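Participant: This is the structure, below, for whatever I ask next.
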Amino acid sequence: LAYKPGEPSFVIDNYELFQNYPNPFNPSTTIRYDLLEDGLVTLKVFDILGQEVKTLVNSVQPARRYEVQFNSEGLASGVYIYRLQVNDFSQSKKMIILK
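Converting from the sequence shown to this note's numbering requires adding 21 to each position, the first position being numbered 1.
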């Protein structure tokens, strides 16, 4: 990955899904993740029962750091799970909507 002036200098050495921020949140939050390699990326949100409530990303993306905004409009307060899948990597985290 090339460094561009004005950007923080870091090297992505792994796939990683970060904790959303802010958390708890209302109405929106940011989900950040790192891709080590190019791949078909899915980032989905599920309710606590495992029902999919939103697909945030479903596309091929090049290796780099990403930030995705998630708006909880139409969803009830509670605990939700977001899951990143790319190539052989899968990771999930919890987030809380407080209305």
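In this text, a Cβ means the ideal position worked out from N, Cα and C, and glycines have one as well. Bear in mind the structure is a predicted one, so any value in this text is a computation, not a measurement.
Secondary structure at residue 37, three-state DSSP: helix, strand or coil?
Facilitator: Residue 37: strand per DSSP, three-state reduction.
Participant: Using 8 angstroms for Cβ pairs, my map puts residue 44 next to residue 116. What's the rounded Cβ distance?
Facilitator: 5 angstroms
Participant: Can you give the Cα-Cα distance for residue 118 and residue 87, rounded to whole angstroms?
Facilitator: 22 angstroms
Participant: I need the straight-line Cα distance from residue 53 to residue 40, nearest angstrom please.
Facilitator: Going by C-alpha positions, residue 53 is about 7 angstroms away from residue 40.
Participant: I need the DSSP call for residue 99, collapsed to helix, strand or coil.
Facilitator: strand
Participant: Leaving out the 5 sequence neighbours to the left and right, which residues in its chain are closer than 7 angstroms to residue 106 when beta-carbon positions are compared?
Facilitator: 63
Participant: Using only the alpha-carbon positions, how far apart do residue 67 and residue 77 sit?
Facilitator: 11 angstroms
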